[in-house]
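Numbering (the working numbering), first residue to last: -7 to 238.
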């Protein structure tokens, strides 16, 4: 893992930064996650069951950040996967992570149900799950902050080569759309913390004059940025030194 990746992972592991990011992207500014109550989920290696000539394919081990939130007694899981270059298999990569989470949940249900002898029908016994067992949903957001525009697929369906004869039936193939976040397309006002300044800066990073004007107008925000936010911004801008806001 490179230094840029480490900075991003460390930044997202902070509940305040994580909650603000998810609230500003997935929930478009609605304050659905609470930094005081979200719970970090320990990262574990995914099962490298997909391989090509004996080598792992697509999966690099763990996501960048995963946390869960209790909504009136019902948990939901939220994950962030950061990318600095286009990943042409991103829908499959995300799907693999999500499926790994769901398989883990099913196994836990099966283990608990068997231990507690909770099955009431043969169908439940064969399934490993009871009729009223429900999975915890996983919401995954992909943050892309590469130098070039993302030109990879956004859905699993885009990755299929479908014979012309089967085109009329492609609706029956899973779409599995990824939620891709790109700084230049983000509504910065949706954020309450330093993500707002980070994204606004990145939006004008390809125009020196525009960026200089923005920095001068918002010097107070830069001076009040947390140190880890400044380090992350400099990393995303590929700048070795802190920004001057005199």
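All C-beta atoms in this analysis are idealised placements derived from N, C-alpha and C, irrespective of residue type, glycine included. All values reported here derive from a predicted model rather than from experimental measurement.
(1) Whose C-alpha, out of 0, 4, 7, 17, is nearest the C-alpha of residue 177?
(2) Is the separation between the beta-carbon of residue 172 and that of residue 83 shorter than 7 Å?
(3) Taking only the alpha-carbon atoms, compute the straight-line gap between residue 44 and residue 219 and give it to the nearest angstrom.
(4) Per DSSP, residue 67 forms a beta bridge with which residues?
(5) Suppose you measure from the CA of residue 106 to the CA of residue 58; what does that come to, to the nearest Å?
(6) Quick one: what does DSSP say residue 183 is sitting in, helix, strand or coil?
(7) Which whole runs of the alpha helix (DSSP H) in the region 3 to 29 are 4 residues long or more, in chain order?
(8) Thinking just about the alpha-carbon of each residue, which of 163, 187, 62 is nearest to the one in residue 130?
(9) Starting from residue 136, follow its DSSP beta bridges and name the residues at the other end.
(10) At which residue ranges does the region 110 to 170 contain complete beta strand (DSSP E) runs of 3 or more residues, listed in the order of the chain?
(11) Is there contact between the region 174 to 193 and the region 111 to 118, where contact requires at least three CB pairs shorter than 8 Å?
(12) If you draw a straight line from the C-alpha of residue 227 to the C-alpha of residue 85, how long is it?
(13) Which residues does DSSP list as the beta-bridge partners of residue 190?
(14) Could you tell me the alpha carbon to alpha carbon distance between residue 215 and residue -4, rounded to whole angstroms?
(15) Going by DSSP, what residue range makes up the alpha helix (DSSP H) through residue 228?
(16) Given this structure, state the Cα-to-Cα distance separating residue 32 from residue 95, to the nearest angstrom.
(17) How about residue 240 and residue -1: do their beta carbons lie closer than 7 Å?
On the basis of the coordinates in this document:
(1) 17
(2) no
(3) In this predicted model, residue 44 has a pLDDT of only 38, less than 50, meaning its place in the structure is not dependable; the value taken from the coordinates is given anyway. Straight-line Cα distance between these residues: approximately 42 Å.
(4) 62
(5) 28 Å
(6) Residue 183: coil per DSSP, three-state reduction.
(7) 7 to 17
(8) 62
(9) Residue 136 pairs with 75.
(10) 130 to 136
(11) no
(12) 25 Å
(13) Per DSSP, none; premise fails for residue 190.
(14) 22 Å
(15) 219 to 228
(16) 20 Å
(17) Any property of residue 240 remains undetermined from this structure, which presents the chain solely from -7 to 238.
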